[in-house]
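Line by line, the protein sequences give chains A and B.
Going letter by letter, the first sequence gives residues 1 to 324 in the working numbering.
Going letter by letter, the second sequence gives residues 325 to 648 in the working numbering.
Here a beta-carbon is modelled for each residue, glycine too, at the ideal position from N, C-alpha and C.
This one's a predicted model, so the numbers in the text were calculated from it and none came from an experiment.
Remarks on the structure that follows.
2 protein chains.
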Amino acid sequence: MHSLKSLHQRIREAFSDTRFTHEPLQLYQPISYTLDLGGKRLRPVLVLMSCDIFGGDIEKAVYPAMGVEIFHNFTLLHDDIMDNAPLRRGNATVHQKWDTNTAILSGDTMFVIAYEHVAKTDPAMLPQVLDLFNDTARKVCEGQQYDMTFETQDNITIPDYMQMIRLKTAVLIACSLKLGAILANTGQAKAEKIYDLGIELGLAFQLQDDFLDAFGDTAKFGKAIGGDIATNKKTFLFIKAFELAKGDTLANLSNLFAGNGITGPEKTEGVLEIYRELKIDELTRIEIEYHHTRAMEILESFHFEPAKTREMTDLMQEMLGRER
Amino acid sequence: MHSLKSLHQRIREAFSDTRFTHEPLQLYQPISYTLDLGGKRLRPVLVLMSCDIFGGDIEKAVYPAMGVEIFHNFTLLHDDIMDNAPLRRGNATVHQKWDTNTAILSGDTMFVIAYEHVAKTDPAMLPQVLDLFNDTARKVCEGQQYDMTFETQDNITIPDYMQMIRLKTAVLIACSLKLGAILANTGQAKAEKIYDLGIELGLAFQLQDDFLDAFGDTAKFGKAIGGDIATNKKTFLFIKAFELAKGDTLANLSNLFAGNGITGPEKTEGVLEIYRELKIDELTRIEIEYHHTRAMEILESFHFEPAKTREMTDLMQEMLGRER
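The structure is reproduced here in structure tokens:
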């Protein structure tokens, strides 16, 4: 069995051993730049972890795991164009550092490179692996579409939102776990069950991200808080607040988000005050806990040996930004 | 054996039997729109034709053939954003009719749909099919990058240009033919040889497109001539002309492309006059004929039965816009 730490190490090695730069440089430098920005590499670690706990050989999962990470970074690259985001992991986004055309085409090429890595797998598993990856990629695109559509749509409900983050975020977490299971040659039933675990974990993960953007400790979170409030992003917190606010509170909340002259820290503080008044922080924590608990229940139902359960639990804790 | 006409018919049916529209409509309507614009569907017909002449069952090649066509249309969709093109097949491009974000994301989704179709193949063939498709997709991206880079680069040579169109256009034609061969379970040697035929055919096809843009009959060509001249596109004709022009002719040519007040039909006519003076039309025809002949030589080296050779010859003639 591999420790969580050694799985992280294996993925770091795999990426540092791979050269993504070659001719034409205009196409490949942005890809290399994007992949060098790092990130926590949670998804490929999930692939290896799942492969490992199901008794597979993690070396056979390294390339497909990289494929998932490269795919994830491709989606960020294109999402950053669509969101007109200037920064990613504290650095200029590709469309800012180069231009939009470069970001589109380098992204498309990363998508191909993702498929190339996913394809480096046991031929016997390839049909299953490819079906999973295609299904996931399509759903992630659908999730991004719903996210964009919601920007200009009123009356988004919590179920709408949960469906959006399921597609945009949770299916890729679930795909990572199922991919590891398939590569370990686990049966269909277990592969489906670990996928379900991934969905719950992915939902908790995204809700935690929403939560930290409003209530996080800037130093720990690694990015400034209030970004979602500043951009009126329809997060769980936003939707829940409008669902619960009444009378003056609703009027104040609407006013703050209508951008009637109140911006910056004043807007953030005003919104956070209402969120606290409505106990949005607590309600969000309850929702996160609900999905985290469901994920834990599924994990326990596998009856893995305790050491394996512990490594997986640690990884889930890491994803949810908690002290171990 | 299937006639060329019946292969066209089979591909038309396959597309008209497939519904690309579902939820979320914002994502799928542009995909449906793009695929409904039609086009000649040459690439999927090449897949079926190749499968057929190698004795395969064309029904097993229909989905992968559609995958190639969907991929081709995805590249057009993203290229149109990058080229800021207003029209495609006489209709508004997706980024014009909707917006750039929609065009990026619908394109990404079409790319996934292409992989889904390609994956609907005999599992025994899947590794080979997927390797071919990945390799092709990556090269097409590289070709598009070279095409964009050339726009702002001087001193592009004919070999540079031929390498660019090999990547951007010819490899997908070659991929189509090789895909059919793989699906017919032809051996490696024959599959490689039909790929080489496709490269030659693809080069001739692109050069013919360059030629017709300058010297074509508008009615037959289906689009206005002079588009490449108007946009200073570095086609075979442009590069050859600058290679051959000397003295006053070179000065005139440079002046016309420098856009010093001379635009529209006056620019087109001026450039065409110099092209004719330098015999660029004839030189381009010779280059097309060279690659067409090489393709025909490869075709003949297979020693197919005459009826098969004839159908394939007819398809090649159709691609090169000739009367049969």
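Going by CA-CA distance only, name the one from the options that's closest to residue i.
i      : options                           : result
A/V140 : B/P451, B/S430 and B/E642         : B/S430
B/M325 : B/E383, B/E347, B/N415 and B/P354 : B/E383
B/E475 : B/M643, B/N556 and B/V436         : B/N556
A/I225 : A/M162, A/G247, A/E269 and A/D160 : A/E269
A/V129 : A/L76, A/V112 and A/G180          : A/G180
A/H72  : A/M312, A/D122 and A/T169         : A/T169
A/G110 : A/I31, A/M82 and A/G56            : The question names Gly, but residue 110 of chain A in the sequence shown is Met. Checking every option, the nearest Cα to that of A/M110 belongs to A/I31.
A/F238 : A/L283, A/L201, A/E266 and A/I262 : A/L283
A/Y33  : A/F20, A/P24 and A/K234           : A/F20
A/E116 : A/I53, A/P64, A/D314 and A/K97    : A/P64
A/P127 : B/T445, B/M636 and B/D455         : B/T445
A/M296 : A/P306, A/T313 and A/D281         : A/T313
B/I518 : B/K329, B/F628, B/N415 and B/G540 : B/F628
A/V171 : A/L201, A/V62 and A/L25           : A/L201
B/L639 : B/I377, B/E466 and B/L456         : B/I377
B/G467 : A/I182, A/Y28, A/S50 and A/K240   : A/Y28
B/A565 : B/N415, B/A575, B/A438 and B/L602 : B/L602
B/L456 : B/G588, B/A575, B/S500 and B/V418 : B/S500
B/M488 : B/I506, B/L531 and B/P630         : B/L531
B/N458 : A/G55, A/D108 and A/G216          : A/D108
B/A438 : B/G588, B/I622, B/L359 and B/Q512 : B/L359
Quick check on residue i: does DSSP put it in helix, strand or coil?
i      : result
A/A184 : coil
B/N556 : coil
A/L87  : strand
B/A565 : helix
B/A288 : Summary: the structure shown does not reach residue 288 of chain B, with chain B confined to residues 325 through 648, and so no result is reported for it.
A/E323 : Note that A/E323 has pLDDT 48, beneath the 50 cutoff, so the model's placement of it is unreliable and the number below is only indicative. Coil, per DSSP.
B/T637 : helix
A/K279 : coil
A/P123 : coil
B/E590 : helix
A/D17  : coil
A/N134 : helix
B/E347 : coil
B/H326 : coil
B/Q468 : helix
B/F628 : coil
B/D541 : coil
A/T152 : coil
B/I335 : helix
B/G551 : helix
A/K246 : coil
For residue i versus residue j, is the C-beta spacing smaller than 8 angstroms?
i      : j      : result
B/I497 : B/R367 : yes
B/D404 : B/R412 : yes
A/A204 : A/I288 : yes
B/L580 : B/H616 : no
A/K267 : A/A230 : yes
B/R365 : B/E393 : yes
B/L400 : B/A427 : no
A/V118 : A/G67  : yes
A/F236 : A/D210 : yes
A/Y146 : A/K234 : no
B/P348 : A/T149 : yes
A/A347 : A/V47  : Nothing can be reported for residue 347 of chain A: it is not among the residues displayed for chain A, which extend from 1 to 324.
A/S50  : A/E311 : no
B/L331 : B/N415 : no
A/I274 : A/N252 : yes
Under the rule that 16 or more other beta-carbon atoms within 10 Å means buried, what is residue i, buried or exposed?
i      : result
A/R276 : exposed
A/T186 : buried
A/R324 : In this prediction, A/R324 scores a pLDDT of 42, lower than 50, which makes its location untrustworthy; the coordinate-derived value is nonetheless stated afterwards. Exposed.
A/P286 : Position check: residue 286 of chain A holds Ile in this sequence, whereas Pro was assumed. So A/I286 ends up on the exposed side.
A/D213 : buried
B/H346 : exposed
A/D57  : exposed
B/T481 : exposed
B/N425 : buried
A/I11  : buried
A/K246 : exposed
B/E567 : exposed
B/A508 : buried
A/T93  : buried
A/D17  : exposed
Which parts of the region 479–524 of chain B are runs of the alpha helix (DSSP H), unbroken and 4 residues or longer, counting only runs that do not cross its ends?
482–489 and 495–507
query = Can you list the alpha helix (DSSP H) stretches of 4 or more residues lying completely in the region 25–102 of chain A, in chain order?
reply = List check, alpha helix (DSSP H) in window: 25–36, 42–53, 62–82 and 94–97.
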